[in-house]
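Q: My questions all concern the structure below.
Residue numbers (this note's numbering): 5 to 209.
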């Protein structure tokens, strides 16, 4: 008479090996998910920074393309050019038209706007009135973080690039009437990861 053979169970060694393999697989699965989450967060942060960059450049382009040849008065330094590089900071200030007025406030459609680097943050500063007084406070809007350098260049009528504007021959003019607009402005944003983005904006109407 044949009896069914009894099933052999796991030995202690086989059980320990199985538990060890399971633990290793579980650890790999956990670290894989964790690394995937970190990678996804890293990509998301890059994506957010990219969208901020797109917004900042499009905003600057909109302001620059609507630049108007209208010098402004300042209590600090008298007449200032419509477009001027910042002496002590990295940036540019300009006057543009086309400032929307949905609330129908009693103001013009001209706006004085300034882009400058504050530490590692690119700021956009605006004033309600183009002629800036001593007590005029600018509205500051942070646009980009982790910016290492903000370089602005200006193309003159001789097709030569200048690091400062207005040119020296016009800077001495107290009225600013003869100061021309640059033909184009080129901006270069360099980030901490050494990625540089350059954009050329024509001011020729």
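All residues carry an ideal CB built from backbone N, CA and C; glycine is no exception.
Strictly by DSSP, which residues pair up with residue 202?
A: 192.
Q: Does DSSP put residue 73 in a helix, a strand or coil?
A: Coil at residue 73, not helix or strand.
Q: Count the other CB atoms within 10 Å of the CB of residue 54; is the residue buried (16 or more) or exposed (fewer)?
A: Exposed: under 16 other Cβ atoms inside 10 Å.
Q: I need the straight-line Cα distance from residue 65 to residue 172, nearest angstrom please.
A: Their backbone Cα atoms lie some 26 angstroms apart in a straight line.
Q: Quick check on residue 92: buried or exposed, where buried means 16 or more other Cβ atoms within 10 Å of its Cβ?
A: Per the 10 Å Cβ criterion, exposed.
Q: Just mark residue 75 as buried or exposed, buried being the case when its beta carbon has 16 or more other beta carbons within 10 Å.
A: Buried.
Q: By how many angstroms is the C-alpha of residue 206 removed from the C-alpha of residue 187?
A: One C-alpha to the other measures close to 6 angstroms.
Q: Nearest-angstrom Cα distance between residue 160 and residue 203?
A: If you take the alpha carbons of residue 160 and residue 203, they lie about 17 angstroms apart.
Q: Taking only the alpha-carbon atoms, compute the straight-line gap between residue 153 and residue 134 and give it to the nearest angstrom.
A: Residue 153 and residue 134: Cα-Cα distance of roughly 27 angstroms.
Q: Sorted by chain position, which residues of the same chain lie with C-beta nearer than 6 angstroms to residue 190's C-beta, five sequence neighbours on each side aside?
A: So the list reads 157 and 204, once near-sequence residues are dropped.
Q: Considering only residues of the same chain and omitting the five flanking positions on each side of residue 208, which have a CB-CB separation below 7 angstroms?
A: Result list for residue 208: 187, in chain order.
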